[in-house]
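Residue numbers (UniProt numbering): 1 to 353. A virtual CB, placed ideally from N, CA and C, is assigned to each residue, including glycine. In this text the structure is predicted, and so the values were computed from the model without any measurement.
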Amino acid sequence: MILSSTIAKSKYNGIVLTGMSMGLLIIGILSLSAGAYSISFSQTIQILLDQVGLASQEINTSASNVLLQIRLPRILIATLIGGGLGISGAALQGMFRNPLVEPGLIGVSSGSALFAVIFIVFFSQLLNNFPLINQLGLPLFAFIGGLINVLAVYRLSRGQGKTDTATLILAGVAINALAGSLIGLSLFFADDSALRSFTFWSLGDLGSSSWTKFPTALLLIGLPAILLLTEARNLNALSLGEREAFHMGISIQRVKLRLLILSALIVGIGVSIAGMIGFVGLVVPHLIRIGFGANHRIVLPASFLLGAILLNLADLIARTAVAPAELPIGVLTALIGTPFFIWLIFKLNLSKN
């Protein structure tokens, strides 16, 4: 009986993940076609088929260049960043056992942004003669900043062996405020070019996505995301409580440290590439838990897929709503996420009463 129930759940999870993967593929193909330079759906398919030697008609060179050199890397990077934000949000919510936790709320994003700005303002020009170090320095600084901030918030919120929710949120607000003030102080020393780029970057911008950035995103977001998937059993144990997880043989502190490092790495790399994109890590895991339950074996992979879908959809709207101009993608995710966050707080207050 138990075996048949497990098989049924496994099949159901497989159907859900397959359906979401197909949805992501459809959004990706639509995104390839839409934009300031219009490419028909049939042209898009022909250009893609041409890459594997199956095209049945002559390919428009301009359309091919736009699709393959501009839109395709952008969509792939949006998939990695959106999926990374979704799965890291799910992992952090599971670790803290709190649906209000989000990488931006607890300081990961602001810490990454702070150290990224420090690198851009003070180190980037000094390393112009060392392009490889310059290219790797920004994501490395962003990762370190995110990790420092989240560890600080975690330590401040701990008391008597437990993580207090109210203290966690307050610590996140305080750390975010401190990071924001230090970003402002760093920008005081920046030139006009750095200030202009930071303005767009702080609002979230996928316009700088390119094939040169894709390997970094694939390695430093894709690999940690895969490692987070292996933590599903540990997160399920933590959801029962730290004491219960300890009696199940889980090394609590090691698991938490791994989750924090992997989440900070994912968010830090995402921030270094696309800037500040908020609320994806809050909205996505909560929607998955509402729809499919709290088992992290489905929550983690589904959060990655839904995060990728949401960010690609937001990017599609950003590129087409005011074409040929673009809306900042972080603004769109905030417009979606802020009302959701307010509703979530209201719902939690009602449940307490």
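Rounded C-beta distance between residue i and residue j? I'm assuming under 8 Å.
i: I77; j: S209; result: 4 Å
i: L235; j: A63; result: Not confirmed; about 45 Å, so no contact.
i: G330; j: G204; result: 2 Å
i: N312; j: S31; result: 6 Å
i: L187; j: V117; result: 7 Å
i: E242; j: I252; result: 5 Å
i: residue 363; j: A274; result: Residue 363 falls outside the range modelled here, since the chain spans only 1 to 353, and no answer is possible.
i: F141; j: F115; result: 4 Å
i: S272; j: G180; result: 18 Å between Cβ atoms; not a contact.
Leaving aside the five residues before and after residue i along the sequence, list all residues of the same chain whose C-beta is less than 6 Å from its C-beta, in chain order.
i: L335; result: none
i: I298; result: N13 and F292
i: H286; result: P99
i: L3; result: In this prediction, L3 scores a pLDDT of 46, lower than 50, which makes its location untrustworthy; no coordinate-derived value is stated.
On the three-state DSSP scale, how would you describe residue i?
i: R97; result: coil
i: L3; result: Because the pLDDT at L3 is just 46, under 50, the model does not fix this residue reliably, and the value given afterwards should be weighed accordingly. Of the three classes helix, strand and coil, the one that applies to L3 here is helix, per DSSP.
Please report the distance separating the alpha-carbon of residue i from that of residue j.
i: I70; j: S38; result: 13 Å
i: L344; j: N98; result: 11 Å
i: S303; j: Y154; result: 23 Å
i: M1; j: Q46; result: Low confidence applies to M1: its pLDDT is 47, below 50, so where it sits in the model is not reliable, and the reading given next is rough at best. M1 and Q46: Cα-Cα distance of roughly 50 Å.
i: Q135; j: K213; result: 9 Å
i: M248; j: E231; result: 14 Å
i: F341; j: V150; result: 20 Å
i: L17; j: I288; result: 11 Å
i: W201; j: L228; result: 27 Å
i: I250; j: A237; result: 8 Å
i: R158; j: A166; result: 11 Å
i: S139; j: G337; result: In the sequence as presented, Ser is not what sits at residue 139; that position holds Pro. If you take the alpha carbons of P139 and G337, they lie about 25 Å apart.
i: L178; j: S33; result: 42 Å
i: S239; j: V108; result: 22 Å
i: Q51; j: F246; result: 52 Å
i: M276; j: I269; result: 11 Å
i: G19; j: I290; result: 17 Å
i: T199; j: L257; result: 33 Å
i: S56; j: S197; result: 43 Å
i: K347; j: G53; result: 54 Å
i: V255; j: L262; result: 11 Å
i: I15; j: T320; result: 32 Å
i: G137; j: L170; result: 31 Å
i: V322; j: K11; result: 42 Å
i: F41; j: D192; result: 41 Å
Tell whether a beta-carbon distance below 8 Å holds between residue i and residue j.
i: A308; j: T333; result: no
i: S124; j: P103; result: no
i: V267; j: S112; result: yes
i: I81; j: A264; result: no
i: L100; j: L260; result: no
i: L85; j: G281; result: yes
i: I144; j: A194; result: no
i: F279; j: L168; result: no
i: I175; j: A190; result: no
i: N60; j: Q43; result: yes
i: I75; j: G35; result: no
i: E326; j: G184; result: no
Apart from the five residues on each side of it in sequence, which residues of its chain come closer than 7 Å, Cβ to Cβ, to residue i?
i: S21; result: L305
i: W211; result: P73
i: G94; result: L235, L238, S239 and H296
i: L67; result: L32, I39, T44 and I47
i: L182; result: L114
Excluding the 5 residues preceding and the 5 following residue i in the sequence, name in chain order all residues of the same chain whose CB lies nearer than 8 Å to its CB.
i: F24; result: The displayed chain sequence assigns Leu, not Phe, to residue 24. Only T79, L305, A308, I309 and N312 meet the Cβ criterion.
i: residue 373; result: With the chain covering 1 to 353 only, the question about residue 373 has no answer from this structure.
i: L126; result: none
i: E58; result: none
i: P328; result: F200, L203, G204, D205 and A318
i: P324; result: A36
i: L316; result: I27, L30, S31 and A34
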